[in-house]
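Residue numbering for the sequence shown follows my numbering, starting at 7 and increasing by one per position.
Built from N, CA and C at the ideal position, the CB exists for glycine as well.
Every value quoted in this text rests on a predicted model; they were computed, and no experiment measured them.
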Amino acid sequence: MKCVGCRRCARNLTNVEIALNLKMRGRSVSAFYCLSCLADGYDMDEEKLMEWAAFYEENGCELFLRRYVDDEERKGG
7 MKCVGCRRCA RNLTNVEIAL NLKMRGRSVS AFYCLSCLAD GYDMDEEKLM
57 EWAAFYEENG CELFLRRYVD DEERKGG
């Protein structure tokens with residue numbers, strides 16, 4: 007699978023970060039942001055974003071069930 011980097015800081019993104027971008031910014035976005043940069047852009051903390059992500063995943067949101075990148079490869083293991 008391909009890697010997706012944060013538009014602002016270039017850090018490789020996780021599946022949750024990509025799903026949050028799609029959920030919050032719309033499914034047609036072409037630029038993605040890491041959790042830290044996304045939180046900064048919305049003037050909120052990362053913990054709140056992760057709470058939202060957990061809520062959406064627990065409630066079956068398809069964006070949070072899909073694999074966009076291989077998190078294990080991204081972590082180097």
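Check	Outcome
Would you identify the three-state DSSP class for asparagine 65, choosing helix, strand or coil?	coil
Taking Cβ to Cβ, would you say glutamate 3 is nearer than 8 Å to leucine 41?	The structure shown does not extend to residue 3, since the chain is modelled only from 7 to 83, so the question has no answer here.
Classify alanine 60: buried if its beta carbon has 16 or more other beta carbons within 10 angstroms, exposed otherwise.	exposed
How would you label asparagine 65, buried or exposed, when you count the other beta carbons within 10 angstroms and need 16 or more for buried?	exposed
May I ask you to report which of helix, strand or coil DSSP gives glycine 11?	strand
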